[in-house]
Amino acid sequence: MSITIKLAIDIFNRSKLQTDSDFLISNFAECSDVDKTQINKAALISKLHRYKEKLKGKRGKQKEEFENEVFSIPVATSTSTASKGKLYKDELYSYKETCTSLATEMSEIQKKSVEKLVVIKSEHAVKIKENESKHKQELLSLKKTQSEELQSQTKRLRLETKRVSQKTSKVYNENEKLLEQLKVIKKSKQLICYENILLRRKLERCSIIKETQKQKNLEKTLISEKNKVSNCLREIEVLKQNNSKLLYQLEKEERTVLEQNNKLQLLDQPDPLLNLKVQLQTATEERDYLHSLLLDHEEIILFDPVKKSYTPDTRQCIMNITNFNVSSNNVGPVIKEVLKLANRTPNAVPTRKTVDNIIVEKIAIGQKQLGLTVGAQQDTCLYGDETRNFGKTYQTFLLSDDNKQVYFLGLRDMHDKAASATLDMFANILDDISDICETYRNNDITSHGHSILSNIRNFMSDRAQTNIAFTELLQNYRTEIMPTFLQNWNELTIGEQTSTVKHERIKAFFEIVHGANNKLHKLTLQLVKKQYILACCKVLGLISKLITAPLWRLIESNMHVLDMNTNYLSLLTYLDRMSKDSTDFITGEEFPFPKELVEKDKMLEKLVQANEGIDDKACAFAQLAFSKDCIKSWLKQ
DNA sequence: AGACTTTAAGGGATGTTAAG
DNA sequence: CTTAACATCCCTTAAAGTCT
2 MSITIKLAID IFNRSKLQTD SDFLISNFAE CSDVDKTQIN KAALISKLHR YKEKLKGKRG
62 KQKEEFENEV FSIPVATSTS TASKGKLYKD ELYSYKETCT SLATEMSEIQ KKSVEKLVVI
122 KSEHAVKIKE NESKHKQELL SLKKTQSEEL QSQTKRLRLE TKRVSQKTSK VYNENEKLLE
182 QLKVIKKSKQ LICYENILLR RKLERCSIIK ETQKQKNLEK TLISEKNKVS NCLREIEVLK
242 QNNSKLLYQL EKEERTVLEQ NNKLQLLDQP DPLLNLKVQL QTATEERDYL HSLLLDHEEI
302 ILFDPVKKSY TPDTRQCIMN ITNFNVSSNN VGPVIKEVLK LANRTPNAVP TRKTVDNIIV
362 EKIAIGQKQL GLTVGAQQDT CLYGDETRNF GKTYQTFLLS DDNKQVYFLG LRDMHDKAAS
422 ATLDMFANIL DDISDICETY RNNDITSHGH SILSNIRNFM SDRAQTNIAF TELLQNYRTE
482 IMPTFLQNWN ELTIGEQTST VKHERIKAFF EIVHGANNKL HKLTLQLVKK QYILACCKVL
542 GLISKLITAP LWRLIESNMH VLDMNTNYLS LLTYLDRMSK DSTDFITGEE FPFPKELVEK
602 DKMLEKLVQA NEGIDDKACA FAQLAFSKDC IKSWLKQ
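Numbering (this note's numbering), first residue to last: 2 to 638.
What follows is the structure in structure tokens.
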């Protein structure tokens with residue numbers, strides 16, 4: 002037995018009046034053959050609420066049909082749904098044990114690592130102590146050996162100095178001896194002098210010859226004695242020199258001793274201590290690194306458990322990630338993977354569906370921005386383009402402002418190409434934007450969609466027939482909703498009345514109505530004043546009207562390709578003729594294809610009108626364009 | 001080249017939970 | 001009780017990839 006939605010909602014409404022909380026379930030159990038205990042109450046209530054909400058939006062036949070649909074009662078599932086992102090209560094019990102065991106495991110691991118750290122620390126301390134004692138021993142041994150060496154060296158030096166001093170004393174002694182000898186010699190000399198005097202006296206007394214002989218002998222001995230003295234003196238000088246040399250050597254030795262002492266002092270500097278310090282630093286760094294490893298993998302809060310929603314930052318992150326064409330399925334894993342780089346783990350990661358919902362938010366935000374910023378922009382330009390894909394046609398609407406910033410208004414698929422449909426789409430998009438900005442609309446008199454519409458100054462379109470019609474419709478639409486708006490158009494019609502020629506109108510439009518605002522406008526205004534440009538334009542327009550457009554119509558008709566031959570031939574002969582004299586082309590009296598194919602409209606009317614000064618130039622241009630050489634060069638391209 | 005499978009994406013229906 | 005926020009399941013389609 003099954004119950005309808007109408008009955009289900011009826012029971013639900015009645016149950017609200019009851020105080021008995023069991024009323025709802027027992028009633029449902031009665032009406033269907035489902036067991037009372039099997040019913041999932043929360044799901045049932047949630048479902049009923051949803052159906053009520055749904056029913057509100059339905060009227061008439063639709064409502065009736067919906068009410069009569071079968072209502073299936075949610076039944077408690079024996080196996081709880083295994084959720085990936087969140088844990089539910091019944092699961093919690095099963096997970097609790099594993100979690101606690103995991104936690105104890107983790108804490109044990111942590112304890113172990115802490116113990117390890119302690120062990121490492123104590124090891125380091127022991128090592129440091131060992132190194133210190135080693136260093137001390139080394140230092141002591143070094144000092145001992147060095148001091149021994151020093152002592153032996155000083156001993157040697159002392160011995161040497163002793164020797165040197167002994168030598169010098171010897172030299173001194175010798176010197177003194179020599180001096181004594183010298184004294185003796187001097188004394189002897191004196192004695193000899195006395196003797197000499199005595200002898201002289203004797204000589205005086207004795208014979209002169211004998212005396213002289215004796216004197217001579219004496220002189221000889223004197224000279225020899227003198228030589229002896231001088232020799233002694235020389236020896237003394239040499240000894241003196243030796244003495245000074247030895248003194249110099251002594252000085253040198255003393256200096257070397259000093260140097261050795263300095264060296265010894267330098268050797269006393271404690272080098273190994275520095276090494277030890279470096280070792281200690283690296284050890285502490287290693288320890289800190291290990292410690293930081295223990296502290297890492299901190300959780301990052303992406304999902305606010307209090308608000309039960311992802312944080313705004315996370316939402317923005319998701320929006321930005323989807324901007325890079327990451328599929329909604331992969332946004333979660335991408336976030337996880339990137340956080341790994343920073344050694345963090347997210348507390349939750351959105352599923353595909355949630356990401357999809359956030360993408361919808363993104364679009365809403367974009368439209369809100371459009372309403373607020375574009376609505377305030379003056380002088381905007383509307384673009385439109387058609388895209389076709391898989392047999393469906395889509396119409397895009399773009400808007401650019403003064404700063405050349407382009408905004409994307411929206412995209413809709415078109416059921417048909419009619420201009421009215423395009424307008425409907427556009428109005429639909431503007432309505433959407435207005436709806437999004439609902440809260441702001443209450444304060445404004447005009448909606449944001451309307452302000453966007455009223456600020457559109459230009460409409461850029463390809464020359465597709467639809468777009469021309471669309472432009473007209475758009476104008477009408479604007480006049481409908483904004484009667485004060487059409488100032489520009491009124492002025493334009495004034496310009497239209499005063500001139501009959503099209504380029505005059507363009508001139509008037511830029512000079513009187515619109516004003517040449519940008520480079521393109523200025524250029525157009527300048528060119529439109531040049532006669533040869535106008536002549537070219539006339540030729541191009543006529544080519545389109547008389548040759549290209551009819552040719553298109555022919556090609557698009559159901560004619561067989563082979564049957565086109567005659568038409569191509571007539572076109573060629575026509576072009577050949579016109580290259581010699583193209584007056585008939587300019588006046589629009591002659592054309593290559595059947596008359597029916599030429600569309601007679603305002604445009605053609607204006608084009609074939611005679612223009613003083615322009616026609617002869619146009620004639621020349623046309624003949625140039627249709628000449629065989631020119632056509633050949635076209636075909637090559 | 002065609003058959004078959006996988007992946008990304010859209011969308012509806014509905015269960016779960018906790019705050020209002 | 002209502003409702004928001006998130007989740008899951010299911011179905012569908014287009015496009016890309018793989019196999020035969």
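Cβ atoms here follow ideal geometry from the backbone N, Cα and C, with glycine treated the same way.
Would you mind sorting residue i into buried or exposed? The rule is 16 or more other CB atoms within 10 Å of its CB.
i	result
Q368	buried
T485	Its pLDDT being 42, under 50, T485 is placed unreliably by the model, and nothing is read from it.
R202	exposed
P551	buried
I210	exposed
A619	buried
A43	exposed
A343	exposed
K117	exposed
A623	buried
T381	buried
S81	Unreliable positioning characterises S81 in this predicted model, as indicated by a pLDDT of 38, which lies under 50. The coordinate reading is nonetheless provided below. Exposed, because fewer than 16 other Cβ atoms sit within 10 Å of the Cβ of S81.
V339	exposed
Y52	buried
K539	buried
T567	exposed
S580	buried
G411	buried
Give me the DSSP bridge partner(s) of residue i.
i	result
G411	F398
Y311	F304
V76	I40
V71	T5
Look at residue i and residue j and say whether their C-beta atoms are less than 8 Å apart.
i	j	result
F627	L555	no
C32	I4	yes
V599	K546	yes
T312	V356	no
P593	L572	yes
I534	L543	no
L234	I193	no
G333	P351	yes
L303	A349	yes
L247	T162	no
K59	F72	no
V35	I6	no
I40	F24	no
V609	T588	yes
R288	K130	no
Q13	L49	Note that residue 13 corresponds to Phe in the displayed sequence, not to Gln. Contact flag set, yes.
L183	V239	no
P347	I319	no
Q282	Q154	no
L268	Q147	yes
N132	L277	yes
Can you tell me where the alpha helix (DSSP H) holding residue i begins and where it ends?
i	result
K1	The requested residue 1 is not part of the displayed model; the chain covers only 2 to 638.
I548	Where I548 is concerned, there is no enclosing alpha helix (DSSP H), given that its DSSP letter is neither H nor E.
L566	The sequence given here has Asn at residue 566, not Leu. Note, N566: alpha helix (DSSP H), N566 to K581.
S16	I6 to L18
S613	Sequence inspection shows Glu at residue 613; the Ser mentioned does not correspond to that position. Run containing E613: none; DSSP gives neither H nor E here.
E362	R353 to T374
V540	Q532 to L543
L25	F24 to C32
F592	First-last for F592: undefined, no H or E at that position.
Using 7 Å as the cut-off, classify the Cβ of residue i as near or not near the heavy atoms of the ligand NAP, replying yes or no.
i	result
E205	With respect to the ligand NAP, the structure offers nothing, as it holds no ligand at all.
List, from N- to C-terminal side, the beta strand (DSSP E) runs of 3 residues or more that fit wholly inside the segment 198-236. Taken in chain order, the whole beta strand (DSSP E) runs of length 3 or more contained in the segment 198-236 number zero.
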